[in-house]
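Participant: I have a structure I would like to understand better, so I am pasting it below and will then ask my questions one at a time.
In the UniProt record's numbering, the protein residues as written are 1 to 675.
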């Protein structure tokens, strides 16, 4: 005879490796844990009596469990016997407090609690042909029993399929456990109406996450990537493993990201927001900008360190994934090891720091100089030329007596890496270019927080990519189906209206509206080359006498060169060069020169809506959330059931009609299951 086991322990033994040679081996699964996950308990819990017959072992166990819960005690399996043909012939179900208490604590002054007190209550079941019959029954217990407390016993705890699905969906939506568990509680009306508690919910979700990602070590992560690659043959992943087998770094990118890079390879952002101590996940992302000006993921990495060697490994892995085609320009945070790695792996790429990240560091690096933020912002963003920036910088340093500030000195020494006046000759797709925060926010904002684990991240990762793809699809549809009306009679406005996506055409119209504040004047003409001075009536924010920021009206002067023979135009503001949108100064000159159509070189392919891009034809591996046929069937049935419930709630007659139909259907299901 085996020692007493709870039904959960019995089920666990069967899932691992039951001993088929031992007649007394515990081989029955946990009560009610059937493959179809039907409701285990009958409506009325009858009292077991000698001679009762059951069509199967499962029915017998299900019956005794329902009786035990109704009375208020737990159930364990005591004795099991098998015949020569290995078929079950006899088993005993007993009160979980049967057996003699055993204390195994090493410290006798702190003994472990025990539930055993030799309770005699039990029922013996013997095979009778294909059925099982109760041969012996003992109903009396030698301890108090409590129906209201039965739900806390492990054998009566079970998360049903409906609740499992609800928990999964809430978890995928990012709900915390306290709110997630609150959903079935509210639906049941009271904790006592549930067959499980918050701990069972937590355990179930942890098990689901483990199944999706594994245990979290190198082998499990590798298995997860193999699973992804089985759904997406172009899925790319590489793992950096130390000599002792410890996982150091990981990089991956799916087929859609790899294809998107073919269209948006010119400018990327390498975001290391999640590498800070604030976050649990050491995540780094490669992000591009699509034809709507929205973020598009180009790859992810998990890093164990932030040194040059680690970044070199990651950049080389990413470059290999992208067919060894480096970007023209790359934006990062201010980081020396990162800078060293970029110089080694992307020597020809234009590297700049994100100006908005630098501006956010002002309170940290200039403690006590709150008022300098507005001034520094004006110096950085309102300086139209390199000379203008240098002059304004010196004036600011002298005004606030900051000659000894090493942080500002370092920024000035590297001004060619972040100041707009020094980087505006390079195309940056509009990322982090003006006072307005145009920088790409952390790609996984809203999906990753300080407590997000690596296992949770996998699910959120797929959610976010699905949302991003859907957002791009909606924007494509909007640009295709809708048309923003022109605000002028200029022919070149209709050119951009026909070619650009809705978002980018709106940006062009913003510049077109700004034309009314621009006053072009011809300054010089040499052959076919005209030089225009454009005065712009503008507003800037500056520091007032009270130390507070205020709006100030100013006249800004720009130089625009226009080659009439080639219809080539260039403005000193360089908006077109770094953002890809013609500026209001150029538009004012084109209107003055009565230009009807602009050359095609000013209508960037990057922003066009009539181009079929490769990544849009690739089906996302993360589109399919449903991994099992059971879940798929369950969701289909739930959808149909909700429709019936809505129709049945319209009137008493419809309600009775639906209920009659459901009762008839339930009878058919019971008959089918009993076969």
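Beta carbons: idealized from backbone N, C-alpha and C, even for Gly.
Given the structure is predicted, the values throughout are model-derived calculations rather than measurements.
(1) Starting from the N-terminal side, write out each stretch of the alpha helix (DSSP H) that is 4 residues or longer and does not extend beyond the stretch 105-168.
(2) Using only the alpha-carbon positions, how far apart do residue 94 and residue 304 sit?
(3) Secondary structure at residue 227, three-state DSSP: helix, strand or coil?
(4) How close, in whole Å, do the beta carbons of residue 281 and residue 167 come, if the pair is a contact with beta carbons under 8 Å?
(5) Any idea if residue 440 is buried or exposed, counting beta-carbon neighbours within 10 angstroms, 16 or more meaning buried?
(6) Just to confirm, are residue 271 and residue 327 a CB contact at a threshold of 8 Å?
(7) Under 8 Å, do residue 578 and residue 389 count as touching if we go by C-beta distance?
(8) Quick one: what's residue 533 bridged to in DSSP?
(9) How many angstroms separate the CA atom of residue 306 from the CA atom of residue 337?
(10) How many Å lie between residue 33 and residue 156 at the Cα?
(11) Alpha carbon to alpha carbon, how far is residue 640 from residue 151? Give it in angstroms, no decimals.
(12) Using only the alpha-carbon positions, how far apart do residue 319 and residue 301 sit?
(13) By DSSP, does residue 329 sit in helix, in strand, or in coil?
(14) Any idea which residues DSSP pairs residue 570 with across the strands?
(15) Within its chain, find whatever has a CB closer than 7 Å to the CB of residue 422; leave out the 5 residues flanking it on each side and keep chain order.
(16) Are the beta-carbon atoms of residue 637 and residue 647 separated by less than 8 Å?
(17) Determine, using beta-carbon pairs with one atom in the stretch 494-508 and one in the stretch 519-530, whether at least three such pairs fall under 8 Å.
(18) Could you give the distance in angstroms between the alpha-carbon of residue 649 and the alpha-carbon of residue 660?
(19) So is residue 120 buried or exposed if we call it buried at 16+ other beta carbons inside 10 Å?
(20) Run the CB neighbour count on residue 411, radius 10 Å, all protein chains shown included, and call it buried at 16 or more, exposed below.
(21) Got a sec, what are the start and stop residues for the alpha helix (DSSP H) residue 598 sits in?
(22) Residue 209 by DSSP, collapsed to three states: which one?
(23) Here's the rule I'm using: 16 or more other beta-carbon atoms within 10 Å means buried, otherwise exposed. How should residue 606 be labelled?
(24) Does DSSP put residue 489 in a helix, a strand or coil?
(25) Hey, how far is the Cα of residue 125 from the Cα of residue 159?
(26) Helix or strand or just coil, what does DSSP make of residue 666?
(27) Where does the unbroken beta strand (DSSP E) through residue 323 begin, and where does it stop?
(28) Quick check on DSSP: helix, strand or coil for residue 414?
(29) Rounded to the nearest angstrom, what separates residue 52 and residue 59 at their Cα positions?
(30) Just mark residue 87 as buried or exposed, buried being the case when its beta carbon has 16 or more other beta carbons within 10 Å.
(31) For residue 674, does the three-state DSSP call read helix, strand or coil?
(32) Can you tell me where the alpha helix (DSSP H) with residue 419 in it begins and where it stops?
(33) How would you call residue 345, buried or exposed, if buried means at least 16 neighbouring beta carbons within 10 angstroms?
(34) Going by alpha carbons, who is nearest to residue 555 out of 564, 538, 567?
(35) To the nearest angstrom, how far is it from the Cα of residue 311 to the Cα of residue 562?
(36) Measuring only the C-alpha atoms, how far is residue 674 from residue 127?
Facilitator: Put simply:
(1) Counting whole runs of 4 or more residues, the stretch 105-168 contains no alpha helix (DSSP H) stretch at all.
(2) The alpha-carbon atoms of residue 94 and residue 304 are separated by roughly 53 Å.
(3) Of the three classes helix, strand and coil, the one that applies to residue 227 here is helix, per DSSP.
(4) Contact between residue 281 and residue 167 does not hold, since their C-beta atoms are separated by about 22 Å, which reaches or exceeds 8 Å.
(5) With a pLDDT of 47 at residue 440, under the threshold of 50, the modelled position of this residue cannot be trusted, and the question is left open.
(6) Cβ distance not < 8 Å, so residue 271 and residue 327 don't count as in contact.
(7) Their beta carbons are not under 8 Å apart, which means residue 578 does not touch residue 389 by this criterion.
(8) Note: residue 533 sits in a beta bridge opposite 521, 559.
(9) Their Cα atoms are separated by approximately 7 Å.
(10) Low confidence applies to residue 33: its pLDDT is 40, below 50, so where it sits in the model is not reliable enough to give any reading.
(11) Straight-line Cα distance between these residues: approximately 31 Å.
(12) Near 13 Å, if we compare the C-alpha coordinates of residue 301 and residue 319.
(13) Looking at residue 329 - three-state DSSP - the assignment turns out to be strand.
(14) Answer by DSSP bridge pairing, in chain order: 561.
(15) For residue 422, where only same-chain residues beyond five positions count, the Cβ hits under 7 Å are 386, 415, 416.
(16) Contact flag unset, no.
(17) Taking 8 Å as the limit for Cβ pairs, the verdict is that the stretch 519-530 does not touch the stretch 494-508.
(18) Take the alpha-carbon of residue 649 and the one of residue 660: they are about 14 Å apart.
(19) Taking every protein chain shown into account, the CB of residue 120 has fewer than 16 other CB atoms within 10 angstroms, so this residue is exposed.
(20) So residue 411 counts as buried.
(21) That residue, residue 598, is in no alpha helix (DSSP H); it is neither H nor E in DSSP.
(22) Confidence at residue 209 is low in this model, with a pLDDT of 48, below 50, so the placement of that residue is unreliable and no value is reported for it.
(23) Here residue 606 is buried, its C-beta having at least 16 other C-beta atoms within 10 Å.
(24) Coil, per DSSP.
(25) Residue 125 and residue 159 have their alpha carbons spaced roughly 27 Å apart.
(26) Correct three-state label for residue 666: helix.
(27) First-last for residue 323: undefined, no H or E at that position.
(28) In the three-state reduction of the DSSP assignment, residue 414 falls in the coil class.
(29) Going from the Cα of residue 52 to the Cα of residue 59 covers about 12 Å.
(30) By the 10 Å Cβ count, residue 87 comes out exposed.
(31) Of the three classes helix, strand and coil, the one that applies to residue 674 here is coil, per DSSP.
(32) Neither: residue 419 is in no alpha helix (DSSP H) and is coded neither H nor E.
(33) Buried is the call here.
(34) Selected option, being the one with the closest Cα: 538.
(35) Residue 311 and residue 562: Cα-Cα distance of roughly 44 Å.
(36) A straight-line Cα-Cα distance of about 18 Å links residue 674 and residue 127.
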